[in-house]
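Step one of this worksheet: look at the structure below.
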Amino acid sequence: MDTGNTAWMMASSALVLFMTAPGLAMFYGGLVRKKNVLGVMMQCIFLMGMMTVVWGLWGYSLAFGGDGPYIGNGEYLFMRNVELSAAGTPMEINGVPRLIHMVFQGMFFIITPAL
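Numbering (my numbering), first residue to last: 19 to 133.
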C-alpha cells in the first residue's frame, strides 16, 4: 500500500466533499431570494445523504464491478468485496485501498446532481 497516494486520495476526497456541502450550498443560496436560501441548502445536504447511500449500495458496483463492456456487474453490490481481504490486508487499486478509491469516486458521484 502506497501511503502517499492513500493520503492524497483521502485529502482530495475531503476537498471535494467541502465543495458540495458548504461550497455549492452557499453558492446556490446566494443566487436565490432570502426566503429560499434554507431550501436550496437543504437540497444540497439531502442530495449528499441520498447519493452516498446509492453509491454504497449499487453505484460503485455498476461503475467499477466486473469487466462488462458498458456497466459493471454485482461484484461490489452492497459494498461486498470492498473491505479488507481475509488476510487483513487491504485490496488495492494502484497502491490505494479499494475502500479509499470507492470514497474518492463517490465524492464526484455526490457532487454531480447538485451541480
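Just so it is clear, CB atoms sit at the ideal spot from N, CA and C, and this is done for glycine as well.
Every value quoted in this text rests on a predicted model; they were computed, and no experiment measured them.
Contact set for residue i: own chain, Cβ-Cβ below 6 angstroms, skip 5 residues either direction
| i | result |
| --- | --- |
| Trp76 | Leu95 |
| Trp73 | Gly124, Phe127 |
| Tyr46 | Val58 |
| Met27 | Val114, Ile118, Phe122 |
Three-state class that DSSP yields for residue i in the structure shown
| i | result |
| --- | --- |
| Val34 | helix |
| Val114 | strand |
| Met28 | helix |
| Leu133 | coil |
| Gly86 | coil |
| Val100 | coil |
| Met125 | helix |
| Met69 | helix |
| Met120 | helix |
Alpha carbon of residue i to alpha carbon of residue j, nearest angstrom
| i | j | result |
| --- | --- | --- |
| Met19 | Phe122 | 16 angstroms |
| Ala43 | Glu110 | 34 angstroms |
| Thr24 | Lys53 | 42 angstroms |
| Glu101 | Pro40 | 29 angstroms |
| Met120 | Leu65 | 18 angstroms |
| Leu33 | Gly92 | 29 angstroms |
Chain-order list of residues whose beta-carbon lies under 7 angstroms from that of residue i (same chain, five-residue window excluded)
| i | result |
| --- | --- |
| Gly90 | Ser79, Leu80, Ala81, Phe82, Gly83, Gly84 |
| Met69 | Phe127, Ile128, Pro131 |
Exposure label - residue i; buried when at least 16 CB within 10 Å
| i | result |
| --- | --- |
| Ile63 | exposed |
| Val71 | exposed |
| Arg51 | exposed |
| Pro87 | exposed |
| Ala29 | exposed |
| Arg98 | exposed |
Own chain partners of residue i with C-beta closer than 8 angstroms, once the 5 adjacent residues on each side are dropped
| i | result |
| --- | --- |
| Met37 | Ile129 |
| Gly22 | none |
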